[in-house]
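**Student:**
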Amino acid sequence: MNEGAYVQEIFGIPFNISNDLPGLLAAIIVFFTMFWLSRKIQLKPTGRQNVLEWIIDFTNSIIKSTMPNKEGSQFGLLIFTLFSFIFVSNQLGLMLQVNVNNVAYIKSPTADAMTTMTLAFMVLLFAHFLGVKKFGFKGYIKNTYFSPIPFLLPISILEEFTNFLTLALRLYGNIYSGEVLLKLIYEFGKSFGLISFIPAIPLELIWQAFSVFIGSIQAYVFVTLTMVYISQKIEKE
Amino acid sequence: MGTDFILGAVATSVKWGDMLFYLVLFIVLIALLKHFAWGPVNEMMDKRANKIANDIDSAEDARQKAEELAEKRQSALKESHVEASQIIERAKKNGEQQKNIIVENAHGEAQSFKETAKQDIARERQDALEGVKNDVAELSLEIASKVISKNLQLDDQKALIDSYIEGLGKQNEVK
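First to last, the protein sequences are chains F and R.
All letters in the first sequence, in the order written, are residues 0 to 236 by numbering that gives the first Met the number 0.
All letters in the second sequence, in the order written, are residues 0 to 174 by numbering that gives the first Met the number 0.
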């Protein structure tokens, strides 16, 4: 369960291939699913287009819950992509795990803190950027760190770091723990032959189903919090 | 395994290439989705929303127009009722007038007929009277000539008177 990583250095930059490969796979799955769903776009939606529009409506409703419609519509694409990517990433490791020589090549990309931290870092950086863009640098500092009352400045600064860490580690922890338990049940199934193999099947099944549920919830939570952080930065308190 | 368990990738050294990889991956994914899925679908959804709004507006317009039309028709119907009654009224009046004229004409004609008839009668009478006058004159002349020619004897006189009366009767018969 604690696989070694296949690290490749390209131009002196260390790439963890056993983390990058599943990310690429998840992105490819997302792209081709959406590509397949968006063929034959019509005014009167049918079949696959309905599914895609349902997903878009769902992500748009997440935005709408934190922001007025007019302002929020610009984040539609970001939230749509973020949600579908994290959702697929969360489910990927539940369906497919490829280990060669104790090195993982396919798992959930979000079961790695590096991935979730990158995503969290990206959206929070984006949120701060939007804050600066909207209020100017002074207004951004004032809005983010000195309101509602100036003496909460240390807490406000701390909050920015905790926001980042909680956003990243919540997702990572949930998915990673799900995979760890899946592998534990697998090990347990192997350990005593047929006696343990048979009870391990329903256990694995149940935990997999639960992980699917957790993965969906975590994807939803991640994009919801993303929108909350963005709206905190671009709205005056 | 301690730190490795918490932040698996961080344990040995930070593979910061992953960060670049995921940033690029995500941005590329956004761009691709925008071009192939999000863009067209969103455009179509906007178009649909517009179309629905337009349809609602045009339906409202059509309803108003229909209402106006119905009102117009109603008023036209009322007007036509009034007009019809006016026409009937006028026709009645015309008929009455024509009747009066015809009756008056008939009266006049009858009057003139009567008049001419009266005149005719009067003339006829006049003519008759004149005829009688002439006859009387002739008769008196005849009588006078007969008296003169027959020497007025008593016996003869009786015969003369008889012949005269006879002649008178004959003349009357002729007339």
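Glycine included, every Cβ here is placed at the ideal spot set by N, Cα and C.
So which residues of chain R does Ala-26 of chain F contact, with C-beta pairs closer than 7 Å?
**Tutor:** The answer, in chain order, is Leu-24, Leu-28.
**Student:** Got a sec: is the Cβ-Cβ distance from Ala-36 of chain R to anything in chain F below 8 Å?
**Tutor:** Chain F contact via Cβ: present.
**Student:** Answer yes or no: do Thr-108 of chain F and Pro-13 of chain F have a C-beta to C-beta separation smaller than 8 Å?
**Tutor:** Contrary to the premise, residue 108 of chain F reads as Pro rather than Thr in this sequence. No, these two residues do not count as a Cβ contact at 8 Å.
**Student:** Could you tell me which chain R residues have their CB closer than 7 Å to the CB of Val-29 of chain F, listed as they occur along the chain?
**Tutor:** Going along chain R in sequence order, the residues near Val-29 of chain F (Cβ under 7 Å) are Leu-28.
**Student:** With H, G and I counted as helix, E and B as strand and the rest as coil, what does DSSP make of Asn-89 of chain F?
**Tutor:** In this structure, Asn-89 of chain F counts as helix in the three-state DSSP scheme.
**Student:** Please classify Asp-56 of chain F: is it buried, with 16 or more other beta-carbons within 10 angstroms of its beta-carbon, or exposed?
**Tutor:** So Asp-56 of chain F counts as exposed.
**Student:** Could you tell me which chain R residues have their CB closer than 7 Å to the CB of Glu-70 of chain F, listed as they occur along the chain?
**Tutor:** Within 7 Å Cβ-Cβ: nothing; Glu-70 of chain F doesn't reach chain R, min ~17 Å.
**Student:** So, for Val-122 of chain F: in the same chain, excluding its five sequence neighbours on each side, which residues have a beta-carbon less than 6 Å away from its beta-carbon?
**Tutor:** If we look at Val-122 of chain F and ignore the five residues flanking it on each side, its Cβ neighbours are Thr-225.
**Student:** Please identify, using Cβ separations under 9 Å, the residues of the region 35-68 of chain R that lie next to chain F, in order along the chain.
**Tutor:** The region 35-68 of chain R vs chain F, Cβ under 9 Å: Phe-35, Ala-36, Trp-37, Gly-38, Pro-39, Val-40, Asn-41, Glu-42, Met-43, Met-44, Lys-46, Arg-47, Lys-50.
**Student:** In three-state DSSP terms, what is Gln-170 of chain R?
**Tutor:** Correct three-state label for Gln-170 of chain R: helix.
**Student:** Given this structure, state the Cα-to-Cα distance separating Val-135 of chain R from Ile-147 of chain R, to the nearest angstrom.
**Tutor:** Approximately 18 Å between the Cα atoms of the pair.
**Student:** Going by alpha carbons, who is nearest to Tyr-240 of chain F out of F:Met-113, F:Leu-93, F:Phe-79?
**Tutor:** In this structure chain F extends from 0 to 236, so residue 240 of chain F is not present and cannot be described.
**Student:** Between which two residues does the alpha helix (DSSP H) holding Glu-159 of chain F run?
**Tutor:** First-last of the alpha helix (DSSP H) with Glu-159 of chain F: 152-190.
**Student:** Flag this pair as yes or no: are the beta carbons of Ala-119 of chain F and Lys-232 of chain F separated by less than 8 Å?
**Tutor:** No, these two residues do not count as a Cβ contact at 8 Å.
**Student:** Output the distance between the C-alpha atoms of Val-179 of chain F and Lys-43 of chain F, rounded to the nearest integer angstrom.
**Tutor:** Using only the alpha carbons, I get a separation of about 45 Å.
**Student:** At the 8 Å Cβ level, is Lys-77 of chain R part of the contact set with chain F, yes or no?
**Tutor:** By this cut-off, Lys-77 of chain R is not an interface position.
**Student:** Helix, strand or coil for Gln-73 of chain R, going by three-state DSSP, please let me know.
**Tutor:** In this structure, Gln-73 of chain R counts as helix in the three-state DSSP scheme.
**Student:** Could you compute how far the alpha carbon of Leu-124 of chain F sits from the alpha carbon of Leu-183 of chain F?
**Tutor:** The straight-line gap from Cα to Cα measures roughly 37 Å.
**Student:** Using only CA atoms, which one of F:Ile-140, F:Asn-173, F:Asn-49, F:Val-50 lies nearest to Glu-159 of chain F?
**Tutor:** Closest option to Glu-159 of chain F, Cα to Cα, is F:Ile-140.
**Student:** Quick one: which chain R residues come within Cβ less than 8 Å of Ile-9 of chain F?
**Tutor:** Neighbours of Ile-9 of chain F on chain R, chain order: Gly-16.
**Student:** Name the chain R residues whose beta carbon is nearer than 7 Å to that of Met-121 of chain F?
**Tutor:** Ordered by position in chain R, the residues that pass the 7 Å Cβ test against Met-121 of chain F are Leu-22, Phe-25.
**Student:** So, under 8 Å CB-CB, Ser-83 of chain F and Met-33 of chain F are touching, yes? Tell me the CB distance rounded to an integer number of Å.
**Tutor:** Confirmed, Cβ separation roughly 7 Å.
**Student:** Tell me which residues of the region 49-67 of chain F have at least one Cβ-Cβ distance to chain R shorter than 7 Å, keeping chain order.
**Tutor:** Those would be Leu-51, Glu-52, Ile-55, in chain order.
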